[in-house]
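So my numbering is basically just the index in the sequence shown, starting at one, shifted up by 461.
These notes concern the structure reproduced below.
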Amino acid sequence: MSLHRVFTSLLLCVLASSSQAQAQRIDVKVIGASFFEAPPLRDKNLAIFATGSTQEKVEVHVILTSTVKRFTEAGSSFDKGDVKVTAVLPNKAMQSLGTAEIVSFPKFSADGKARTMSLSINRLPDQAVQGLIFEGNVPLSVAKGLTKSTAKFTPTVGTPVKFNDIVAVVSKIDGQTITLTGTQSLKRLNAVSLKLNDGRTITAERRGWGSMNSEFHQEWAFSAPLSAGTLNVDIFEELETIQHPIKLVVGKPY
């Protein structure tokens with residue numbers, strides 16, 4: 462019968478020998494994994510409730526820690542990296558399973574020096590496996606640090622705002638949410654708050670972002686109704702996307 466277990470004691474090997482990895486000083490630690498195998502001979506009568514008889518997935522979860530730079534969410538969601546997955550069979554033979562997917566919605570530490578990442582593969586060999594090897598490069602958006610800037614603000618569509626070298630316009634207002642439109646430099650915005658003219662400060666949460674051709678936009682939802690004041694922002698310095706090498710050997714837990 463198929464088994465589905467989450468375990469945190471794994472055989473782990475992290476590839477960190479390249480000069481780029483050493484320069485960035487990023488450590489990788491496995492914090493858990495899940496195995497989901499199809500039943501023997503894909504027998505639908507043995508499938509776990511609410512799953513299909515052919516459904517399979519192995520997912521490994523890691524924490525990345527940087528001693529030099531901050532991790533950001535600014536990287537392209539279309540860059541899935543190039544991590545190949547290889548199954549290790551009981552007779553020590555290897556079988557390629559293709560390229561792993563990077564699961565969305567990572568979490569970040571308060572200081573930006575740590576983040577989560579999950580890698581997933583949705584197929585397994587039609588025979589027993591002893592473990593899987595995840596090896597390749599993952600895209601990481603990193604920045605040197607943060608700087609602050611301010612801009613006068615009125616809750617009116619078409620209002621221009623400038624934060625240092627970031628130029629944008631308020632292209633939409635929907636209740637307490639504003640949409641900023643500009644160039645790709647908008648990706649450097651990390652945090653936004655609004656100090657109202659009455660002295661109160663309200664914070665904003667980024668709810669979405671995207672681009673079309675060379676035009677970028679971000680949506681920021683504020684915690685209270687909008688009125689005139691001063692926008693205060695944190696801006697990433699020296700933002701870049703690196704391709705970081707990774708190698709994980711995940712042993713089967715049963």
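Here a beta-carbon is modelled for each residue, glycine too, at the ideal position from N, C-alpha and C.
Since the model is a prediction, treat every value here as computed from it, not as a measurement.
Exposed unless 16 or more other CB atoms sit within 10 angstroms - verdict on residue i
| i | result |
| --- | --- |
| V529 | exposed |
| T640 | buried |
| L502 | exposed |
| I492 | exposed |
| S565 | exposed |
| L533 | The question names Leu, but residue 533 is Thr in the sequence shown. Its Cβ being crowded by 16 or more others within 10 Å, T533 is buried. |
| A535 | buried |
| R649 | buried |
| R668 | exposed |
| A629 | buried |
| S684 | exposed |
| K613 | exposed |
| F595 | buried |
| A494 | buried |
| N658 | exposed |
| S602 | buried |
| L464 | Confidence is the limiting factor: at L464 the pLDDT is only 32, short of 50, which leaves the residue's position unreliable, though a coordinate-based value still follows. L464 should be labelled exposed. |
| F717 | This structure leaves residue 717 out entirely; the chain is present only between 462 and 715. |
| N674 | exposed |
Collapsed DSSP secondary structure at residue i in the structure displayed
| i | result |
| --- | --- |
| R531 | strand |
| P706 | strand |
| L593 | strand |
| R576 | strand |
| Q483 | Note that Q483 scores a pLDDT of 42, beneath 50, so its modelled location is shaky and nothing firm can be said. |
| R503 | helix |
| G542 | coil |
| P551 | coil |
| K518 | strand |
| T512 | coil |
| P600 | strand |
| K490 | strand |
| S557 | strand |
| A682 | strand |
| N583 | coil |
Contact check, residue i vs residue j, beta carbons under 8 Å
| i | j | result |
| --- | --- | --- |
| M555 | A548 | yes |
| S654 | T638 | no |
| V631 | T617 | yes |
| T702 | H678 | no |
| V521 | S570 | no |
| F497 | Q516 | yes |
| V523 | V489 | yes |
| G592 | V694 | no |
| V544 | L558 | no |
Nonlocal neighbours in the same chain, by C-beta distance under 6 Å from residue i, ignoring five residues either side
| i | result |
| --- | --- |
| K574 | S527 |
| A589 | P551 |
| E666 | A682 |
Close-in-space but distant-in-sequence residues of the same chain around residue i (CB under 7 Å, 5 per side omitted)
| i | result |
| --- | --- |
| S514 | A499, P500, R503, D504, K505 and A508 |
| E698 | A604, K605, G606, L607 and T608 |
| V676 | Checking the sequence shown, residue 676 turns out to be Glu, not Val. Result list for E676: T642, in chain order. |
| L692 | T611, A612, F614, V622, V653 and L655 |
| G542 | I563, G597, N598, V599 and P600 |
| L647 | I627, A629, L641, F677 and Q679 |
| T512 | none |
Contacts around residue i, its chain only, beta-carbon distance under 8 Å, and the 5 residues preceding and following it disregarded
| i | result |
| --- | --- |
| K568 | R576 and T577 |
| R486 | S527, T528 and V529 |
| D587 | none |
| I634 | P616, T617, V618, T640 and L687 |
| G660 | none |
CB contact check: residue i to chain B, cutoff 8 Å
| i | result |
| --- | --- |
| N674 | Within the model displayed, chain B is absent; a lone protein chain is all it includes. |
task: Identify every run of the beta strand (DSSP E) within the stretch 605-666, keeping only runs that are complete inside it and at least 3 residues long; order them along the chain.
output: 606-614, 621-624, 627-635, 638-643 and 650-657
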